[in-house]
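Reviewing the structure listed below.
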Amino acid sequence: YSPKIKEKNIEVKPDDFVLVQTERGLEVAKIFKVCSKISKMFEAKGEVSYIPFIRVLNKDDFKNLDQIKREEEEAYKKCKELIEKFKLCMNLSFVSYTFDKKKLSFYYTAKDRVDFRGLLKELTQIFKKVRISNFLFMI
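Taking the numbering used here, the leading residue of the sequence shown gets 27, the next gets one more, and so forth.
What follows is the structure in structure tokens.
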């Protein structure tokens with residue numbers, strides 16, 4: 027938690043939602059406060075990283091975020107149907123759009139490797155305007 031975003035000179039406080047640029051694209055992050063002991067521990071280990079800040083979310087952004095959540099739920103349902111259709115031994119954990127809706131990621135768990143090429147092919151036909159990032163395996 028940083029009380030001021032240096033490059034923009036904008037005040038943020040815990041529980042604010044902000045738009046940030048990540049490797050995946052534009053994403054929403056929640057500001058939280060870390061106690062000074064933990065903060066000093068991370069700083070001493072050199073594990074502090076800064077994510078490029080865009081802006082604090084506004085009312086329109088929250089409406090957009092609600093729409094994104096609905097679309098993630100639909101993508102989850104569609105993917106679950108296709109997993110059953112292809113009889114794949116995998117458990118879909120969750121689906122995540124970037125805030126700009128340019129990327130859609132599917133997270134799953136499985137005991138063994140899964141050949142999901144057919145699934146991916148169908149998903150790319152359904153979500154034509156979105157780049158589907160690789161299925162991400164979670165342990």
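All residues carry an ideal CB built from backbone N, CA and C; glycine is no exception.
Mind checking ALA70: buried by the 16 CB within 10 Å criterion, or exposed? For the purposes of this step, residue 70 is taken as the residue at position 44 of the sequence shown. Counting Cβ neighbours within 10 Å, ALA70 comes out exposed, since fewer than 16 surround it.
N- and C-terminal bounds of the alpha helix (DSSP H) containing LEU145: Within the sequence shown, residue 145 is the residue found at index 119, counting from 1. From DSSP, the alpha helix (DSSP H) with LEU145 extends over 143-152.
Within the present structure, is the beta-carbon of VAL140 separated from the nearest heavy atom of the ligand ATP by less than 7 Å? No copy of the ligand ATP occurs in the structure displayed, which carries no ligand at all.
Contact check, LYS129 vs ARG96, beta carbons under 8 Å: Taking the sequence shown and counting its residues from 1, the one referred to as residue 129 is at position 103. Taking the sequence shown and counting its residues from 1, the one referred to as residue 96 is at position 70. Against a cut-off of 8 Å, the Cβ pair of ARG96 and LYS129 comes out as no contact.
Note down, in chain order, each residue of its chain lying with its Cβ closer than 7 Å to the Cβ of LYS111, except the 5 sequence neighbours on either side. Here residue 111 corresponds to residue number 85 of the sequence shown, with the count starting at 1. So the list is empty, once near-sequence residues are dropped.
Based on the DSSP secondary-structure assignment, which residues constitute the bridge partners of ILE158? Residue numbering aside, residue 158 sits at position 132 when the sequence shown is read from its first letter. Its beta-bridge partners are LEU130.
Below 6 Å CB to CB, which residues in the same chain sit around GLY51 once its five sequence neighbours on both sides are set aside? Within the sequence shown, residue 51 is the residue found at index 25, counting from 1. Closer than 6 Å at the Cβ level, and outside the excluded window around GLY51, lie THR124, ASP126, LYS128 and LYS129.
Check whether LEU149 and LEU118 have beta carbons under 8 Å apart: Here residue 149 refers to the residue found at position 123 of the sequence shown. Here residue 118 refers to the residue found at position 92 of the sequence shown. No, the pair does not count as a contact, with Cβ atoms beyond the cut-off.
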